[in-house]
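Mapped onto my numbering, the consecutive letters of the sequence shown carry residue numbers 23 to 395.
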Amino acid sequence: MPTFDEILNNAGPLTLRQAQGSGTSLSKEEIKALLAAEGEDKKKLFDRALQVKLEHLDNYVHLRGLIEYSNICTKYCLYCGVRCKNLKVKRYQLSDEEVIECAKLAHELGYGSVALQSGERSDKAFVDKITYLVQEIKKIDNGSLGITLSLGEQTEETYRRWFEAGAHRYLLRIEASNEDLYYKIHPHDAKHDFKQRLTCIDSLLKIGYQTGTGVMVGLPFQTFDDLANDLLFFKQKDVAMVGMGPFIPHPDTPLWEYRDQIPSAEKRMELTLKMIAILRLMMPEINMVAATANQTVDPQGREKAILAGANVIMPNLTPNEFRENYLIYPDKACVKDKPDECHSCLDVRLAAIGHKVLYNAWGDSVAFTKKHQ
Ligand code: SAH
23 MPTFDEILNN AGPLTLRQAQ GSGTSLSKEE IKALLAAEGE DKKKLFDRAL
73 QVKLEHLDNY VHLRGLIEYS NICTKYCLYC GVRCKNLKVK RYQLSDEEVI
123 ECAKLAHELG YGSVALQSGE RSDKAFVDKI TYLVQEIKKI DNGSLGITLS
173 LGEQTEETYR RWFEAGAHRY LLRIEASNED LYYKIHPHDA KHDFKQRLTC
223 IDSLLKIGYQ TGTGVMVGLP FQTFDDLAND LLFFKQKDVA MVGMGPFIPH
273 PDTPLWEYRD QIPSAEKRME LTLKMIAILR LMMPEINMVA ATANQTVDPQ
323 GREKAILAGA NVIMPNLTPN EFRENYLIYP DKACVKDKPD ECHSCLDVRL
373 AAIGHKVLYN AWGDSVAFTK KHQ
């Protein structure tokens, strides 16, 4: 087993340049050693990840205006606050006009892309509605907005319809790549089938979406072995985008019961940052989001994620009156901010850490673009 410095040095920018952006192949044991880094070693890991990111992707941050379309959901994942069995949630669905207004605002603010996220439905009315909304968003300034969807598990035919309508990125986190762990955080039934989730990710890749996946970090029962395998899973699937954020227990969900058996919020945050940093070494040119969950756990969380190797931020554009009903986890950051307030605050916050927003661009994954040239 190489020393910590050897592992990190092998994962350095020079090696990456030679490998033309394909990144280093770290073994599971090496990943676990990096995950365990403390003190000076931890700092070295973050520094190296930032160096690699700057070398491959420069100091640009891409924005996706997040539209939380609806909290109506047919699933009951054990971690999620909007699970259908949580009867305390006031359910909503944005009107067509509200969605288009959000997308127009994203365009006016120069965001370049929107991300439409929702609780999970797969009925015909929903599928048709999304198809229509994607087509309408595409009409704004002749298709100038990139469209990411995050609408859960669907049939391959549905994914294809939405792709043909104009969506070109899709986020579907695997949540846990270890099947046993998956069933500790989801009910073990036909609606929450691990194999089906894998099939969905494969369909998205096959259709040609820039496909994003990811996991929650600091889940009950999750081990370093699981986390290392999650990173190897992203690499093996060769995804274009990854989103990882700390797990945040929600009082109206079954996993709340385990809140005392998980690492502290600070540790979950730190572990998330390490996951981002290590993945940046392994996959230098993918898009990685600084998830809102980071900011919920730590007011500086998004900036820390950017400095650990993330390059995408999803400012919330959902109209304020609906935001408090889209609480997948409690105390979500920015629930009270107005969309344009978020906006000015972001430029200042990023400048303070030597980064800048690349406005009016789709900000596609460089890894994906190179692969499909
Ligand atoms: N229904 C869509 C969107 C889900 S919300 C789908 O299934 O893809 C987006 C992400 O929020 C989820 O993939 C999950 O990883 C994360 N999330 C849900 N509940 C959470 C919690 N309690 N803490 C942290 N992240 C959570």
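Just so you know, even glycine gets a beta-carbon here, dropped at the ideal spot from N, CA and C.
Exercise. Measuring from the CB of ILE162, is there a heavy atom of ligand 1 at a distance below 8 Å?
Worked result: Residue 162 sits at position 140 when you count from the first residue of the sequence shown. Because no heavy atom of ligand 1 lies under 8 Å away, the Cβ of ILE162 does not count as near it: no.
For this session: May I ask you to report which of helix, strand or coil DSSP gives LEU38?
Result: Taking the first residue of the sequence shown as position 1, residue 38 is located at position 16. Since pLDDT at LEU38 reaches only 47, below the 50 mark, its modelled position is unreliable, and the value read off the structure follows with that caveat. Here LEU38 sits in helix by DSSP.
For this session: Alpha carbon to alpha carbon, how far is SER387 from ILE394? Give it in angstroms, no decimals.
Result: The residue you call residue 394 lines up with position 372 of the sequence shown. The residue you call residue 387 lines up with position 365 of the sequence shown. With the sequence shown as reference, residue 394 is identified as His, and Ile is not the correct amino acid for it. Answer to the nearest angstrom: the Cα atoms are 11 Å apart.
Problem set entry | Burial state of ARG113, where buried means 16 or more other Cβ atoms lie within 10 Å | Here the question's residue 113 lines up with position 91 in the sequence shown. That one is exposed.
Exercise. When you compare each of ASP260, ASN251, LYS289 and CYS124 to GLN232 by their alpha carbons, which one comes out closest?
Worked result: For the purposes of this step, residue 232 is identified with residue 210 of the sequence shown, where counting begins at 1. The shortest Cα separation from GLN232 among ASP260, ASN251, LYS289 and CYS124 belongs to ASP260.
Problem set entry | Reference GLU130; option with closest CA among SER166, PRO352 and TYR280 | Position 108 of the sequence shown, counted from the first residue, corresponds to residue 130. Ranking the options by Cα distance to GLU130, first place goes to SER166.
Exercise. Nearest-angstrom Cα distance between GLN157 and THR318?
Worked result: Here residue 157 corresponds to residue number 135 of the sequence shown, with the count starting at 1. Here residue 318 corresponds to residue number 296 of the sequence shown, with the count starting at 1. Distance between the alpha carbons of GLN157 and THR318: 33 Å.
Exercise. Where do the N-terminal and C-terminal ends of the alpha helix (DSSP H) with GLY323 fall, by residue?
Worked result: In the sequence shown, counting from the first residue as 1, residue 323 sits at position 301. 323–329 is the extent of the alpha helix (DSSP H) around GLY323.
For this session: Under 6 Å Cβ to Cβ from ALA355, same chain only, skipping five residues before and after it: list those, please.
Result: The residue labelled residue 355 in the question sits at position 333 within the sequence shown. Within the same chain, Cβ atoms closer than 6 Å to the Cβ of ALA355 are found at THR314, GLN317 and THR318, the five residues on either side in sequence being excluded.
Exercise. TYR101 to ALA383, Cα distance in whole Å?
Worked result: Mapped onto the sequence shown, residue 101 falls at position 79. Mapped onto the sequence shown, residue 383 falls at position 361. Each residue's Cα considered, the two are about 34 Å apart.
Exercise. With C-beta atoms as the reference, is ALA67 less than 9 Å away from ALA299?
Worked result: Here residue 67 refers to the residue found at position 45 of the sequence shown. Here residue 299 refers to the residue found at position 277 of the sequence shown. Position check: residue 67 holds Leu in this sequence, whereas Ala was assumed. The answer is yes: Cβ separation under 9 Å.
Exercise. Grouping DSSP H, G and I as helix and E and B as strand, with all else coil, what is PRO218?
Worked result: Within the sequence shown, the letter at position 196 stands for residue 218. For the sequence presented, residue 218 should be read as Gln rather than Pro. Helix.
Problem set entry | Close Cβ partners of ARG302 (< 6 Å) along its chain, the five nearest in sequence each way excluded | Mapped onto the sequence shown, residue 302 falls at position 280. The residues are ALA71, VAL74, LYS75 and GLY331.
Exercise. Hey, out of GLU52, ASN32, SER135 and GLY234, whose CA is closest to GLY188's CA?
Worked result: Along the sequence shown, read from residue 1 onward, the residue named residue 188 stands at position 166. Taking only the C-alpha atoms, the option nearest GLY188 is SER135.
Exercise. What are the start and end residues of each continuous alpha helix (DSSP H) run of 4 or more residues lying completely inside the region 261–348, in chain order?
Worked result: 287–304, 314–319, 323–329 and 342–345
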